[in-house]
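This report refers to the structure that appears directly beneath it.
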Amino acid sequence: MTAKTILATGAALACALLVAAPLRADEGLQIPPVGNAAVKTECGACHIAYPPGLLPARSWSAIVKGLSDHFGDNAELDAALARQIEDYLVANAAESGWETRRMLRRLDAGKTPLRITEMPWWTRKHERKDRVAPETLARKKAKFKGDCKACHQDAERGLFEEEEDEHAGRFGRFGSDGRGHRH
């Protein structure tokens, strides 16, 4: 292969990746899952171990510091374990990676949301499309709005694909199955 052929192939590949990146965003969200055993065990005992990239670092710090009243429950941990969990969550928060920084779009720098459902990206993806209407939550057997696994079976793996339901055909510009196939 000549240098010109290699350069042309590389340029074509780069263009393909630039075009495909936004397409992937319309199909759903993929972020790094929890990779810390303590977080999986302690947080996963009551709800899914939410991937830390879903919230900013300041939110995770506030949540861990407020475990004595964790949304109505006492989830206090010994100081060393709480610190280990906080360190992991903060280090892997939304600010930590290019794939999760978009979670911070439209979030006022002065706000510290304590719930993922308070994040602007979450509201845009769910509430404006009636995906958390009481009847939808009941049909999906969701315990609360943040019960990701009710609609996203692979949420603990960091995969939040668009689910086909009563909103079929309204998922972005690609149709009901995310690949351009309309049913």
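Under my numbering, the first residue of the sequence shown carries the number 58, and numbering increases by one thereafter. For glycine and all other residues, C-beta sits at the position ideal for the given N, C-alpha and C.
Reference residue i; option with closest CA among the options
i: A136; options: G123, A148, G129, F128; result: G123
i: N149; options: L216, F217, G92; result: G92
i: R163; options: M176, I120, A207; result: M176
i: C103; options: R188, G203, R140, W117; result: G203
i: L111; options: D187, I142, P170; result: P170
i: E152; options: D130, A190, P109; result: P109
i: T174; options: A166, R159, C205, D144; result: C205
i: E99; options: L86, A195, A119, E143; result: E143
i: Q141; options: A94, M160, G154, W178; result: A94
Span of the alpha helix (DSSP H), counted from its first residue to its last, around residue i
i: L194; result: 191-196
i: C100; result: 94-101
i: Q141; result: 136-148
i: W179; result: 177-183
i: A114; result: 114-122
C-alpha distance - residue i paired with residue j, whole-angstrom precision
i: K168; j: E192; result: 30 Å
i: F128; j: I88; result: 25 Å
i: T14; j: K97; result: Residue 14 is absent from the structure shown; the chain starts at 58 and stops at 240.
i: G215; j: T180; result: 18 Å
i: L138; j: S125; result: 14 Å
i: E213; j: A166; result: 27 Å
i: E133; j: A114; result: 19 Å
i: V121; j: A106; result: 13 Å
i: Q210; j: D130; result: 25 Å
i: A60; j: E218; result: 40 Å
i: E184; j: L194; result: 12 Å
i: W117; j: V189; result: 24 Å
i: K200; j: R172; result: 15 Å
i: A119; j: G154; result: 20 Å
Range of the contiguous beta strand (DSSP E) that encloses residue i
i: L216; result: 216-218
Residue(s) in a DSSP beta bridge with residue i
i: D130; result: H127
i: L288; result: Absent from the structure is residue 288, since the part of the chain shown begins at 58 and ends at 240.
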